[in-house]
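Numbering (full-length UniProt numbering), first residue to last: 1 to 632.
Glycine residues also receive a C-beta, built at the ideal position from the N, C-alpha and C atoms.
This report refers to the structure that appears directly beneath it.
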DNA sequence: ATAGGGTTAG
């Protein structure tokens, strides 16, 4: 190939390098045909060269970068080399600029790799720039074996102390999932810069090793905004939203100003915590800083307002957002779903389709979620069928989870069971857990026992399942079985998660645990409750003591019920906020049935909106009704 | 020439 190519090349006609000038003595500019500059194939390149030779124009007028890019990925590679040689050009720099161009072009990583291979096989020496472009392509391709080749090359060429290259290598190893190699490299670096540390922090946190990341963060002598942002993002990612917020405040104290990425991270933390006040503050800051048009920021803001119970604020932002992405739509649909506005969620989905936006698997999760929370069985089934049929999205375990939940909640246990046994993915604890919840509604002890058999294997340390099962027995008056489940739980060392509710007033978060008598305002709270209870009774409230599965006196049961954490938080909130103000409560578990009934009545008595975020969704109590329409 | 961000079941 090479020989025939050389023979075919017009170059050997050339007395290379001794060429006449292209401008003649009369100062007339000789016009060159556009092919000399705009050839797009090696064939046209040859034609251009032939023309130059015929008209005695020097070859050095040829655009070398163009030659490089036209020949780079073809067998004409050595032909290009000959041209570079004939015009006395450093070929490495030409190939490098070609590599750079590929490296900057999206989806051209494979081209970078191929050109690199060509360079190696035609003995072009490489330098640190070559390495950096190739490393970038390796990142895109997650090509760890090429990473090792470049690594060896870097050592061979003596670039071990080139921070840019070594940092890129560390990043590459980490992103390819070989964190050990990354750590090894990082540890033996004689000196590091802030990028080295930031890369490690980011990747360690991504792997879930947030403690190790934090340890490195603590050891840094010099931190920049990206260091703080990486650490805050990592903490949020690992479910440590409180710590993330703490670190953000600390960062502000150093005088550093958050950028868009920092804002996204801290807003995500607010969303997790339902920290509305901080979220609003960040929103203001973000607007002041001109981040309004950043779609990442907007999407996270929408999510923050949704998860903080301000659906209206989220809607306004969503309406104002002009460049919505699928993430914006999905977040909003999911938001409407957890706020019990299923009709609006479906409407929004239709609007999205009308606008030509393609749903993804997350969008369908939101839609199915909406259906399951509102008992829309027909619609849910149709959407589930539609996702693979019309949009070519195959359902994942989460989608099956939604469907099992939809059917189980609606009491269609047989259908749910059939789906579980026939689904192509092995059902997990969430699936059986949803089913178990349905068994409780249907009071189906046998089916519940079947679910428990699976749960005992899949998630034996989760207290929730034991509690539901023992409640199911208790409601069937099978006290011994109920006690047996409680004992089994105890024997396995599973502790019951205590109910915990929080309410934030004037930037202070107050925590209430079920049965808590030790709160500083406990006496006042109980007194206020007794007063409220009188009014509630006159409105027809009857305590649902059947929910207390302890073998105790009836009035003792009532006492238990009245010490539920959400009730304590609510009364505290009523005592410490102005009349008419909305009260927002967060609970770590699902809201209890009796509390739900009580809150409806209370919302009417005190003429307040009460917004409760439980572990699944929102309940917005107003004028004696709840936004969940008592289906949850 | 090297580091970063949004939606996800019970």
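- A direct Cα-to-Cα measurement between residue 625 and residue 423 gives close to 38 angstroms.
- Under the Cβ criterion (8 angstroms, minimum of three pairs), the region 448-466 counts as touching the region 426-433.
- In chain order, 582, 583, 603, 620, 621, 622 place their CB closer than 8 angstroms to the CB of residue 609, counting only its own chain and leaving out the 5 sequence neighbours on each side.
- With respect to the 9 angstroms criterion, residue 295 and residue 272 are not classified as neighbours on the basis of their beta carbons.
- For residue 519, no beta strand (DSSP E) segment is defined, and its DSSP state is neither H nor E.
- Beta-bridge partners of residue 611 (DSSP): 584, 620.
- Residue range 397-409 is occupied by the alpha helix (DSSP H) that includes residue 397.
- Cβ neighbours of residue 612 within its own chain (closer than 6 angstroms, five residues either side excluded): 585, 591, 619.
- Under the three-state reduction of DSSP output, residue 277 falls in the helix class.
- Looking at the DSSP output, residue 510 shares a beta bridge with 503.
- Approximately 19 angstroms separates the beta-carbon atoms of residue 571 and residue 547; this is outside 8 angstroms, ruling out the contact.
- DSSP places residue 176 outside both helix and strand once states are collapsed to three, so it counts as coil.
- Its Cα nearest to that of residue 76, the residue 122 stands out among 57, 122, 93.
- With 16 or more other CB atoms across the displayed protein chains lying within 10 angstroms of its CB, residue 409 is buried.
- For residue 236, the uninterrupted alpha helix (DSSP H) segment begins and ends at 225-237.
- The C-beta of residue 74 has fewer than 16 other C-beta atoms within 10 Å across all chains shown, which makes the residue exposed.
- Residue pairing by DSSP places residue 626 opposite 621 in a beta bridge.
- Ranked by Cα distance from residue 447, the first of 468, 476, 470, 413 is 413.
- Closest option to residue 501, judged by alpha-carbon separation, among 389, 595, 380: 595.
- With contacts defined as CB atoms closer than 9 angstroms, residue 503 and residue 573 qualify as a contacting pair.
- Short of 7 angstroms from the beta carbon of residue 197, and not among the five residues preceding or following it, lie these beta carbons of its own chain, in chain order: 216, 220, 227.
- Membership of residue 204 in the alpha helix (DSSP H) is indicated by the continuous run 194-206.
- With a cutoff of 9 angstroms on beta-carbon distance, residue 200 and residue 232 are scored as not near each other.
- The region 369-380 and the region 325-341 touch, with three or more beta-carbon pairs separated by less than 8 angstroms.
- In this structure, the beta-carbon distance from residue 168 to residue 132 falls below 9 angstroms.
- If you look at residue 249, you'll find it in the alpha helix (DSSP H) that goes 241-253.
- Residue 180 and residue 425 have their C-alpha atoms spaced approximately 32 angstroms apart.
- One Cα belongs to residue 293, the other to residue 260, and the distance between them is close to 10 angstroms.
- A distance of 9 angstroms or more separates the beta carbons of residue 36 and residue 53.
- For secondary structure counted as the beta strand (DSSP E) over 3 or more consecutive residues, the region 417-469 holds no complete run.
- The beta carbon of residue 577 is closer than 8 angstroms to those of 505, 583 in its chain, skipping five residues each way along the sequence.
- Distance from the CA of residue 494 to the CA of residue 593, rounded to the nearest whole angstrom, comes to 24 angstroms.
- Here residue 150 carries a helix assignment [DSSP, helix/strand/coil].
- About 5 angstroms separates the CB atoms of residue 393 and residue 361; that is less than 8 angstroms, so the two are in contact.
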